[in-house]
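Notes follow the structure.
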Amino acid sequence: MNRDDTPPLPASARGTQIALIFALVAERLTAYYEHGQWLTDAQGASLAGDWLNRTKRSLPLADRKHLSALSDDLARQIAASLSREAGLYTAHEMQESLDANYASEIGSTLMLECERVLDAAQPDQVPPA
Numbered sequence: 363m364n365r366d367d368t369p370p371l372p373a374s375a376r377g378t379q380i381a382l383i384f385a386l387v388a389e390r391l392t393a394y395y396e397h398g399q400w401l402t403d404a405q406g407a408s409l410a411g412d413w414l415n416r417t418k419r420s421l422p423l424a425d426r427k428h429l430s431a432l433s434d435d436l437a438r439q440i441a442a443s444l445s446r447e448a449g450l451y452t453a454h455e456m457q458e459s460l461d462a463n464y465a466s467e468i469g470s471t472l473m474l475e476c477e478r479v480l481d482a483a484q485p486d487q488v489p490p491a
């Protein structure tokens with residue numbers, strides 16, 4: 363069966379948002395370490411739209427921009443706390459972790475951090491039990 367014909371796994375809106383923040387942080391760190399430039403929020407929102415299209419999901423532009431801004435903040439925090447070598451390794455691990463078949467302690471830890479960032483940005487929402 364062609365992989366493109368396979369329907370996406372069901373995902374909660376929250377899970378999609380967390381995964382999107384993670385994917386955007388990975389892209390932002392990769393761009394920063396490979397090209398020495400940070401992506402703009404508009405570039406991040408555009409990448410978010412591309413990622414959502416590939417996974418056959420969607421979010422309103424305002425939500426994509428919000429998640430893009432959250433990913434920018436987190437990517438900059440990560441970059442500020444790591445040496446260049448550690449940052450390159452982290453960006454690589456995050457990119458590899460975008461494949462669901464790749465297990466990474468760094469990827470898992472940063473996915474939890476993406477969840478924390480989303481929760482902190484939405485204090486009025488109660489996380490599911």
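Numbering (this note's numbering), first residue to last: 363 to 491. Note that beta-carbon positions come from the ideal geometry of N, C-alpha and C, so glycine has one too. What you are looking at is a predicted structure, and each value in this text was computed from that prediction instead of being measured.
Residue environment for Y394: buried (at least 16 other C-beta atoms within 10 angstroms of its C-beta).
Under the three-state reduction of DSSP output, R419 falls in the coil class, being neither helix nor strand. Here the segment 383-403 lies against the segment 432-450, with 3 or more beta-carbon pairs under 8 Å apart.
Contact check for S430 against D461 fails: the beta carbons are separated by 8 Å or more.
Within the segment 397-480, no beta strand (DSSP E) run of at least 3 residues lies entirely inside it.
Contact check between the segment 409-424 and the segment 376-384: three or more CB pairs, one atom from each, fall below 8 Å, which counts as touching. The Cβ atoms of S466 and E475 do not sit closer than 8 Å to each other. Look at Q484 here: in three-state DSSP terms it is coil, with no helix or strand label.
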